[in-house]
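Accompanying notes for the structure given below.
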Amino acid sequence: MSTVIEYTMFVKPEAFDEVMQAYVEFADAFGVENPSEDFILVTGDRDGGVIRGIGIFEDDLEAEIAVDESIFVRFRERIAPHLTEEPIREALDLVHIFVKED
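In the numbering used here, the protein residues as written are 7 to 108.
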């Protein structure tokens with residue numbers, strides 16, 4: 007079963023755009039470099055100061071390996087000063103996905 011990782015960050019208001027841009031750049035680079043990442047979605051709530059990434063991995067092991075990859079470590083170090091609290095990482099089972107075909 008595929009694993010969904012949800013990574014939620016709470017961002018200082020003045021740093022929202024900077025952290026969002028850093029997350030988008032990280033997500034694109036990570037997706038290219040990591041063959042086990044099937045899908046990456048980045049969402050934001052400027053008023054709430056929340057930026058959330060959602061990634062789908064082939065399995066739990068692939069999701070765990072990704073946490074220690076140097077690209078993710080560098081990303082976390084880059085954005086750490088701009089956060090109001092520690093990010094929350096949750097692993098969930100992918101139960102269903104619907105994609106409408108054109």
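All residues carry an ideal CB built from backbone N, CA and C; glycine is no exception.
Does the contact criterion of 3 or more C-beta pairs under 8 Å hold for the segment 70-80 versus the segment 24-42? Taking 8 Å as the limit for Cβ pairs, the verdict is that the segment 24-42 does touch the segment 70-80.
Beta-carbon proximity check, V30 vs H88, cutoff 8 Å: The residue you call residue 30 lines up with position 24 of the sequence shown. The residue you call residue 88 lines up with position 82 of the sequence shown. Cβ distance not < 8 Å, so V30 and H88 don't count as in contact.
Hey, would you say E12 sits closer than 8 Å to L98, going by beta carbons? Taking the sequence shown and counting its residues from 1, the one referred to as residue 12 is at position 6. Taking the sequence shown and counting its residues from 1, the one referred to as residue 98 is at position 92. The answer is yes: Cβ separation under 8 Å.
Just reading off the alpha helix (DSSP H) that F78 is part of, what are its end residues? On the sequence shown, position 72 is the one that residue 78 refers to. Where F78 is concerned, the enclosing alpha helix (DSSP H) stretches over S76 to I85.
Can you give the Cα-Cα distance for L100 and P93, rounded to whole angstroms? Counting from 1 along the sequence shown, the entry for residue 100 is found at position 94. Counting from 1 along the sequence shown, the entry for residue 93 is found at position 87. Their Cα atoms are separated by approximately 21 Å.
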